[in-house]
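>
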């Protein structure tokens, strides 16, 4: 296959007009999601007073599409026009978000959240692949950290604005705002719809193979047979590319160990990820705005961390992944030890520490997955990641709900926080073993990884 022309790095990534559009669209979607997330959690935990098991079902139904469709979505993202797929997903998410306004309770909410999550499964690998397509190798770390910065910045402003909207208006207003911002995201991506898929030449070969079997003298049955052969070629190539993604991941020590390390941490974290309202109901009964404040503090810590990383433009895998988990685990355990009446400044400080650890981990992991993956494999690798996360999210939130019922929210948070912290400490102490590659690969710098594109 003919190699595409290498993109050239620019003095400032903001001179890349395509990236600016992607960044703006990602910002709109991320802020909208946090308006929505706070509103839904307030509805379920405070207004509908759902128990921990019902709350645990929310991430489960949102994870099932990732489990069932993650690898397929990643393979599809490598074959189609990525911006077009993202636009379709934005439109679907906007419509399904508006449909939430009509639900009367949690049982009706769950199916809609599952369908909306399915659209997001197809969008995530498309965004990662499009970033890899429009950004030069030397700018990839900054692009990754800026995208992560948006995710975390939205945790600061989104929950605060959502809490203000809840105070003045209602959860329904937050849901409408999310739908509008999703439409804005699609409109911003519209000028990028012509960017072709990475595997254009492969598709052209498949089409050519089908066309060779046709001629002007074909009868209708012969044309149908040729069409069936063409469809078989496409299906066969699709399956082969999906299989190649898993084979590549299995051969890459750095990628495989990064995903496995993240998997063990997520197993613990996802047990309580959606149970923060359950804990906060104990610490401050009736204070609905506390959830927004805590999530904002987490986002602020992550934003500060990512700003520092963006300036340094480097971090080792062990300190980023292992150190991130140490901070996340310590903060979760500290929240579990907190007692009713704990001051807001203390809770916000704990949240900020959790955010710093989260920022360290996310930026390091995403950069490893992008920099160590060829451009035509990025969608498949992130699709596999979605499948793995979807698999553990089917079980872990329910296990967390059971644990909270048995031991209580505070004790569950302490146990899980200590588990994550110990895992992070092991990553720090054993980083030379877990992420052992050549010396040039041990530090995540754009200069050292420019040849990996």
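Numbering (our numbering), first residue to last: 19 to 471.
Don't be surprised by glycine CBs; every beta carbon is placed ideally from N, CA and C.
#1: Between the segment 317-333 and the segment 372-388, are three or more C-beta pairs nearer than 8 Å?
#2: Go ahead and label residue 69 buried or exposed: buried means 16 or more other beta carbons lie within 10 angstroms of its beta carbon, across all protein chains shown.
#3: How is residue 270 classed by DSSP in three states: helix, strand or coil?
#4: Report the rounded CA-to-CA distance for residue 129 versus residue 117, giving the unit in angstroms.
#5: Between the alpha carbons of residue 228 and residue 99, how many angstroms are there, rounded?
#6: DSSP three-state call for residue 291: helix, strand or coil?
#7: Under the three-state reduction of DSSP, which class applies to residue 245: helix, strand or coil?
#8: Whole angstroms is fine: what's the gap from residue 202's alpha carbon to residue 443's?
#9: Within a Cβ cutoff of 8 Å, which residues of the same chain sit near residue 364, ignoring the five residues on either side of it in sequence?
#10: Consider the C-beta atom of residue 431 and the heavy atoms of the ligand MN; say whether any pair is separated by less than 8 Å.
#11: So, is the C-beta of residue 130 closer than 9 Å to a C-beta in chain B?
#12: Would you tell me roughly how many angstroms separate the C-alpha atoms of residue 172 and residue 49, rounded to the nearest one?
#13: For my contact list, residue 149 and residue 40 are in at a C-beta cut-off of 8 Å; report their separation, rounded to the angstrom.
#14: From this set, 296, 411 and 213, which residue's C-alpha is nearest residue 101's C-alpha?
#15: Residue 211 to residue 72, Cα distance in whole Å?
#16: What does the alpha-carbon distance come out to for the pair residue 278 and residue 434?
#17: When we look at the beta-carbon of residue 65 and count the other beta-carbons within 10 Å, is it buried (16 or more) or exposed?
#18: Could you tell me if residue 225 is buried or exposed, where buried requires 16 or more neighbouring beta carbons within 10 angstroms of its beta carbon?
#19: Report the three-state DSSP secondary structure of residue 391 (helix, strand or coil).
#20: Please list the segments of the alpha helix (DSSP H) lying wholly inside the segment 301-354, counting only runs of 4 or more residues, in order along the chain.
#21: Is the distance from the Cβ of residue 37 to the Cβ of residue 168 below 9 Å?
#22: Could you have a look at residue 448 and say whether DSSP puts it in helix, strand or coil?
#23: Would you decide whether residue 306 is buried or exposed? Buried here means 16 or more other CB atoms lie within 10 Å of its CB.
#24: Residue 234 by DSSP, collapsed to three states: which one?
#25: Tell me whether residue 258 is buried or exposed, calling it buried when 16 or more other Cβ atoms sit within 10 Å of its Cβ.
#26: Give me the residue from 454, 74 and 446 with the minimum Cα distance to residue 345.
#27: Taking its Cβ as the centre, do 16 or more other Cβ atoms sit within 10 Å of residue 182, making it buried, or is it exposed?
#28: Can you tell me whether residue 314 is buried or exposed? The criterion is at least 16 other CB atoms within 10 Å of its CB, across all chains shown.
#29: So, helix, strand or coil for residue 67, using DSSP?
#30: At the level of alpha carbons, what is the spacing between residue 52 and residue 320?
#31: So, at 7 Å on beta carbons, what are the nonlocal neighbours of residue 270 in its own chain, with the 5 sequence-adjacent residues on each side left out?
#32: Relative to the alpha-carbon of residue 193, which residue among 441, 386, 415 and 57 has its alpha-carbon at the smallest distance?
#33: Out of 206, 143, 318 and 46, point me to the one whose CA is closest to residue 35's CA.
#34: Could you have a look at residue 413 and say whether DSSP puts it in helix, strand or coil?
#35: List the endpoints of the continuous alpha helix (DSSP H) containing residue 143.
#36: Could you give the first and the last residue of the continuous alpha helix (DSSP H) run that contains residue 196?
Walking through what the data contain:
#1: yes
#2: exposed
#3: coil
#4: 11 Å
#5: Per-residue confidence for residue 228 stands at a pLDDT of 49, beneath the threshold of 50, marking its modelled position as unreliable; no derived number is given.
#6: In this structure, residue 291 counts as coil in the three-state DSSP scheme.
#7: Caution applies to residue 245, whose pLDDT of 47 falls short of 50 and renders its modelled position unreliable; the model cannot decide the point.
#8: 42 Å
#9: 356
#10: As far as ligands go, the structure on display features none, and thus does not contain the ligand MN.
#11: Here there is only one protein chain, and chain B is not present.
#12: 5 Å
#13: 7 Å
#14: Minimum Cα distance to residue 101 is reached at 213.
#15: 40 Å
#16: 18 Å
#17: exposed
#18: Because residue 225 sits at a pLDDT of 43, beneath the cut-off of 50, its placement in the model cannot be relied upon, and the following sentence gives the value as read from the coordinates. Answer is exposed; the Cβ neighbour count stays below 16.
#19: coil
#20: 307-330
#21: no
#22: coil
#23: buried
#24: In this prediction, residue 234 scores a pLDDT of 42, lower than 50, which makes its location untrustworthy; no coordinate-derived value is stated.
#25: exposed
#26: 446
#27: Exposed is the call here.
#28: buried
#29: coil
#30: 15 Å
#31: 390
#32: 57
#33: Cα-wise, what sits closest to residue 35 is 206.
#34: helix
#35: 124-152
#36: Counting along the chain, the alpha helix (DSSP H) containing residue 196 begins and ends at 189-207.
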